[in-house]
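Chemist: Structure provided below as structure tokens; questions to follow.
Residue numbers (the numbering used here), protein chains in the order written: chain A, 842 to 1137; chain B, 842 to 1137; chain C, 842 to 1137; chain D, 842 to 1137.
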């Protein structure tokens, strides 16, 4: 976007801290002082867990990016807030992905093949697991492997975030990663940067066992959903892609799950990630909207 | 099925009356006296509307069919009950269908073409409308047309039932017929003889506007459901066939409805009716089970 | 009820077995032969677990009760079905209760006090626990104690049923008994004989943690529900009594649960059991209807 | 609240306009320039209806109130935004209420009596109707009456807002006012200023016929809910007060509705309004929190 004679850039700033009183003021004061146009602000508090978060989306002349980064670092030091700055336009040609996995190999495999074959224009920067099961896939494709789980698969969330930061990740892809991201993590990478594969049709079948739930309802249709994660909200408005298959009456649940996991889920994830990283779709005020591609 | 040296036949007997006290006794007494094996009995009362109903499924030697029909007619005369006898095996090779319609022409057209082309082995005995909109379709395919609605589309239910009876209908197909069947009608043709096309995925999207409801949930998956009607129950366990399609984000509702009505719904109905009339699936204790075809 | 010159009695017959083919015929044949009027029949199959069940409610001259009992015993022996005969009228003045418990002492205590004080006209025939926690209550009130759980609280269902049978129980009261009754058990004591206390408002808050669920929805109203158990159905139509309390915003969950458990739940159970055993309410075709008291 | 030596005041600023680009910048720039501490910001877009809205809650030295009001008026003129400034502390001793009604007389009558008797410390500034039915109540209590509906009860929304503005209303009470407030109206009076009486228990029974819905579920508990209106969200987290009553099985729906309307609903509304206007409860990040009364 060009405003006046200056090329403007979209910046997404997130801030997370333990107190809402001093959360917004220094950042807002700084960016409005720099002439930023505010496109979106959201503030949330989770007083039960002493977590306060803000998302700020602004337009700023592109050449100010370096200064803003420096200034926000200083604000972070002074205020003890966890502040992040991201522009979807910086690496728009080849955004960097973190692919997060637990047990199922099919979704990361499908993703890595689609990246290798140019179907998804992105770089697989790192494979992150909370279990060791998919390590071999990282080796097979020559992608760095980072293990963030303990012996029971519990994720060290600080290490998870530090890994995303150090690999300079643009998009986090949860490829059947079987851990719920805590709200603080979601906020730190808010703004349409976390893409999840859910193995059921949303919003009808949330939960941990969507195949079983649909089967219990004697459905003949099964599906998967690829969606942005928005921490405060049910994933209703954030759907990027859905894939389905139907079976005849009498089909056993085992067979349904097998088809879903081996064929339908990977297909859904690949198309969903493709849409998101190509900016065909974007998150705008908690909703998926159709974007104009990488060069907007 | 052959029990001993006699060929046995499955009979479905339904009885509907205004009082539960004398509903069951005479029929049960008679059929057990004739040596019938009772496979299923259901009784229901709707005391708010003074409607009592019974479904009885029995196995009886095939040669007794005529006698049973006569005896039940007499019981009906004596008790003032509305009694019906049906065997899925009598016209199993070519069951007679009543196709019920309101406005949408695509579902009946798809059905009539599938019957003409031999994809569905059945006879289109009559087209029944509560609105005149589909009359031309009946003429085009040379099928009798019966109008059962008044100027506001309200169905004369007695005439509706009388029409089904007089055409000796095996299966009633509701092909986007936009009237709720009253409980008495459902009971009179109970036992897996009424097949409905719902224009949404069940059980997630019941109601009159399933496209709008799924769209409001920002879903990208839309579907149709073909199911048996069971009067007391939600259509959860009675699903015969589901068909789906998915759209990219940003697709307009109008376009979604167009694809659903013109392509997806007719496809769903044809396959659902094929499964039911070929006895690939049957209704058994309120549930769809896989049958062994017409010659079981 | 008096039909002709004979005093008629209501009988509830339940039969449970592993096969639906021979479930209904012998019993129905016998009772219709004895001149019974059939008021209600329900048959169900659970083919996944090879369980077939029938409930039969009939009117029969009172003096035939002994003969019927003998004949059904013989049918049970011949067919290997589990058959039970019960009349709500036999011990209508003072029905015998089994009070089933796990941990919470308040509900059984409230019930035993209400029986002692004549508020509930019934006999506390036995206290049944799947955990030893409430044993002292049985001793305090001089009621037999039967332990049916193993070290992990898992109930021996055969022993549970045998206990009910041997104490000649009319009504089974689940007083915060924390085990789901299997379908076979529900059917054996079907017909409005099993009364459950649920610690949430039904149908809105089913499940194991209704206080937490209502609290998560930021509700200010909490309640308990006393209902008949009907195995095939959600407890929607079977509600006997509900009790509620409301709290001001900011009330802690701990305090809500304390008030609910110590005050609201016991109150709900006492009134619910009073209504059921006095026959103020009865189960009729899966629904609670208002009865005419013990002398109808 | 006193920050440094200055008495600070809480201000709620709302802005509504047809475009999100210039919505936030001028207001935020101005108030941060004046040294305001931002406590909460929410921005929303409704691109389907070209409605963009912002809520800003700040702390500012009390003596600046006049200047801020003037400055915001000027921004409103320059930007064509609809901007409102409100402080809950200005008239905290006796806030001004608009009581909005349609047909039911009981809720406004109960409210006016509670205000007259000092139970609710507030001033009934105006009675607003979209139907003429409650006009006599305004006359009886000497409260101005404003009619905002046409012959079919459709509200002129501009006139509705203008009425609220001209009477300098602090809180809008919807006392069985049977119109859905459009999103623009909700935003203009956002921040915990609109209090609704719903005639069912939320979140279980939303919709237009909660008595009928609960009755259809055979519930024995009926209730009413008093809640803040938050335009984007279901009324789940915004509950101020709930009142309930229970009935014995067999109670007729007519009788239930009568008790609910004549006794339970008015009682619920009075206590809910008392809590809100006394600042016992406040809206904070979309949630009801316990406040510290009028003098915090």
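Even glycine gets a Cβ: it sits at the ideal position worked out from N, Cα and C.
Note that this is a predicted model, so its numbers are computed, not measured.
Take every Cβ of the segment 942 to 954 of chain A, pair it with every Cβ of the segment 1026 to 1036 of chain A, and state whether three or more of those distances are shorter than 8 Å.
Modeler: Segments in contact, no.
Chemist: Below 9 Å between beta carbons: does that hold for residue 961 of chain D and residue 1131 of chain D?
Modeler: Along the fourth chain, one-based indexing puts residue 961 of chain D at 120. Along the fourth chain, one-based indexing puts residue 1131 of chain D at 290. Not a contact, by the Cβ cut-off of 9 Å.
Chemist: Got a sec: which bits of the segment 877 to 911 of chain D sit with their beta carbon under 8 Å from any beta carbon on chain C, in order along the chain?
Modeler: Cβ contacts with chain C: none found.
Chemist: In the DSSP output, which residue or residues are listed as bridge partners for residue 1122 of chain D?
Modeler: By 1-based counting over the fourth chain, the position of residue 1122 of chain D is 281. Partner(s): D/1131.
Chemist: In chain order, which beta strand (DSSP E) runs of at least 3 residues are fully inside the segment 983 to 1069 of chain A?
Modeler: Counting whole runs of 3 or more residues, the segment 983 to 1069 of chain A contains the beta strand (DSSP E) stretches 986 to 988, 1012 to 1015, 1035 to 1039 and 1062 to 1069.
Chemist: To which residues does DSSP link residue 970 of chain A through a beta bridge?
Modeler: Along the first chain, one-based indexing puts residue 970 of chain A at 129. Looking at the DSSP assignment, residue 970 of chain A forms a beta bridge with A/942 and A/988.
Chemist: Rounded to the nearest angstrom, how far is the Cβ of residue 1015 of chain C from that of residue 1043 of chain C, given a contact under 8 Å?
Modeler: On the third chain, residue 1015 of chain C is found 174 positions in, with the first residue counted as 1. On the third chain, residue 1043 of chain C is found 202 positions in, with the first residue counted as 1. About 14 Å; that fails the 8 Å criterion.
Chemist: To the nearest angstrom, how far is it from the Cα of residue 1076 of chain C to the Cα of residue 1048 of chain C?
Modeler: Taking the third chain and counting its residues from 1, one reaches residue 1076 of chain C at position 235. Taking the third chain and counting its residues from 1, one reaches residue 1048 of chain C at position 207. Legend: pLDDT at residue 1076 of chain C = 49, less than 50; position of this residue unreliable, no value from coordinates given.
Chemist: Please classify residue 858 of chain D: does DSSP put it in a helix, a strand, or coil?
Modeler: By one-based count along the fourth chain, residue 858 of chain D stands at place 17. Three-state DSSP puts residue 858 of chain D in a strand.
Chemist: Report the residue ranges of all alpha helix (DSSP H) runs contained in full by the segment 1096 to 1122 of chain A; include only those spanning at least 4 residues, in chain order.
Modeler: Listed in chain order, the complete alpha helix (DSSP H) runs (minimum 4 residues) inside the segment 1096 to 1122 of chain A are 1106 to 1118.
Chemist: To the nearest whole angstrom, what separates the beta carbons of residue 1124 of chain A and residue 1064 of chain A, a pair I think is in contact under 8 Å?
Modeler: The residue labelled residue 1124 of chain A in the question sits at position 283 within the first chain. The residue labelled residue 1064 of chain A in the question sits at position 223 within the first chain. That pair is no contact at about 21 Å.
Chemist: Within 10 Å of its beta-carbon, does residue 1084 of chain B have 16 or more other beta-carbons around it, so buried, or fewer, so exposed?
Modeler: Counting from 1 along the second chain, the entry for residue 1084 of chain B is found at position 243. Classification for residue 1084 of chain B: buried.
Chemist: Give me, in chain order, the residues of the same chain whose beta-carbon lies closer than 6 Å to that of residue 1059 of chain C; leave out the 5 immediate sequence neighbours on both sides.
Modeler: Stepping through the third chain from its first residue, residue 1059 of chain C is reached at position 218. Cβ within range, chain order: n/a, list empty.
Chemist: Alpha carbon to alpha carbon, what distance is there between residue 924 of chain D and residue 866 of chain D?
Modeler: In the fourth chain, the residue the question calls residue 866 of chain D occupies position 25. In the fourth chain, the residue the question calls residue 924 of chain D occupies position 83. Going by the C-alpha atoms only, they are around 13 Å apart.
Chemist: Here's the rule I'm using: 16 or more other beta-carbon atoms within 10 Å means buried, otherwise exposed. How should residue 970 of chain D be labelled?
Modeler: The count along the fourth chain starts at 1 and reaches residue 970 of chain D at position 129. That one is buried.
Chemist: Quick one: Cα of residue 919 of chain A to Cα of residue 1105 of chain A, how far?
Modeler: Translated into positions along the first chain, residue 919 of chain A becomes position 78. Translated into positions along the first chain, residue 1105 of chain A becomes position 264. Looking at the two C-alpha atoms, the distance is approximately 49 Å.
Chemist: Tell me the residue span of the beta strand (DSSP E) that contains residue 866 of chain D.
Modeler: Working through the fourth chain from its first residue, we reach residue 866 of chain D at position 25. Per DSSP, residue 866 of chain D belongs to no beta strand (DSSP E); it is in the alpha helix (DSSP H), 866 to 874.
Chemist: Run the CB neighbour count on residue 818 of chain C, radius 10 Å, all protein chains shown included, and call it buried at 16 or more, exposed below.
Modeler: Absent from the model: residue 818 of chain C. The displayed extent of chain C is 842 to 1137, so no value can be given.
Chemist: Taking the C-alpha atoms as reference points, what is the distance between residue 856 of chain B and residue 982 of chain B?
Modeler: By 1-based counting over the second chain, the position of residue 856 of chain B is 15. By 1-based counting over the second chain, the position of residue 982 of chain B is 141. The alpha-carbon atoms of residue 856 of chain B and residue 982 of chain B are separated by roughly 35 Å.
Chemist: Compile a chain-ordered list of the residues in the segment 1036 to 1065 of chain A whose CB is closer than 7 Å to at least one CB of chain B.
Modeler: Listed in sequence order: 1042, 1044, 1045, 1058, 1059, 1060, 1061, 1062 and 1064.
Chemist: Is the Cβ of residue 1084 of chain B closer than 9 Å to any Cβ of chain A?
Modeler: In the second chain, the residue the question calls residue 1084 of chain B occupies position 243. True, the Cβ-Cβ gap to chain A drops below 9 Å.
Chemist: Indicate whether at least one CB of chain C lies closer than 9 Å to the CB of residue 1125 of chain B.
Modeler: Mapped onto the second chain, residue 1125 of chain B falls at position 284. At least one chain C Cβ lies under 9 Å of residue 1125 of chain B.
Chemist: Check the Cβ of residue 956 of chain C against every Cβ in chain G and list those closer than 7 Å, keeping chain order.
Modeler: Protein chains A, B, C and D are contained in the structure displayed, whereas chain G is not.
Chemist: For chain C, find out if any of its Cβ atoms is closer than 9 Å to the Cβ of residue 863 of chain B; answer yes or no.
Modeler: Counting from one through the second chain, the residue named residue 863 of chain B turns up at place 22. With 9 Å as the cut-off, residue 863 of chain B counts as an interface residue toward chain C.
Chemist: For the alpha helix (DSSP H) that residue 961 of chain B lies in, which residues bound it at each end?
Modeler: The residue given as residue 961 of chain B occupies position 120 in the second chain. No alpha helix (DSSP H) holds residue 961 of chain B; DSSP gives it neither H nor E.
Chemist: Would you verify that the beta carbon of residue 1120 of chain A is, or is not, closer than 9 Å to some beta carbon of chain B?
Modeler: On the first chain, residue 1120 of chain A is found 279 positions in, with the first residue counted as 1. No, no contact with chain B.
Chemist: Are the C-beta atoms of residue 858 of chain A and some chain D residue less than 9 Å apart?
Modeler: Here residue 858 of chain A is taken as the residue at index 17 of the first chain, counted from 1. It does not; no Cβ of chain D falls within 9 Å.
Chemist: Examine chain C for any beta-carbon lying closer than 9 Å to the beta-carbon of residue 819 of chain B, and answer yes or no.
Modeler: Outside the shown range of chain B (842 to 1137) lies residue 819 of chain B, about which nothing can therefore be said.
Chemist: What are the residues that DSSP puts in a beta bridge with residue 925 of chain B?
Modeler: One-based indexing of the second chain puts residue 925 of chain B at position 84. Paired residues: B/855.
Chemist: For a quick check, are the C-beta atoms of residue 858 of chain B and residue 852 of chain B less than 9 Å apart?
Modeler: On the second chain, position 17 is the one that residue 858 of chain B refers to. On the second chain, position 11 is the one that residue 852 of chain B refers to. No.
Chemist: Got a sec? Which residues, its chain only, sit under 8 Å from residue 980 of chain C by beta carbon, not counting five neighbours each side?
Modeler: Counting from 1 along the third chain, the entry for residue 980 of chain C is found at position 139. Closer than 8 Å at the Cβ level, and outside the excluded window around residue 980 of chain C, lie 986.
Chemist: Taking all protein chains shown into account, do 16 or more other C-beta atoms lie within 10 angstroms of the C-beta of residue 1089 of chain B, making it buried, or fewer, making it exposed?
Modeler: As a first step, residue 1089 of chain B must be located in the second chain, where it is residue number 248. That one is exposed.
Chemist: Considering only their Cβ atoms, is the gap separating residue 897 of chain B from residue 854 of chain B smaller than 9 Å?
Modeler: Residue 854 of chain B sits at position 13 when you count from the first residue of the second chain. Residue 897 of chain B sits at position 56 when you count from the first residue of the second chain. Yes, they are a contact pair.
Chemist: Verify the CB distance criterion: does residue 1080 of chain A have a CB-CB separation below 9 Å to chain B?
Modeler: In the first chain, residue 1080 of chain A corresponds to position 239, counting from 1. Yes, its Cβ sits closer than 9 Å to a Cβ of chain B.
Chemist: I want to see whether chain A comes within less than 9 Å of residue 1111 of chain B, judged by CB atoms only; does it?
Modeler: What you label residue 1111 of chain B is simply residue 270 of the second chain in a count that begins at 1. Output row for residue 1111 of chain B: interface = no.
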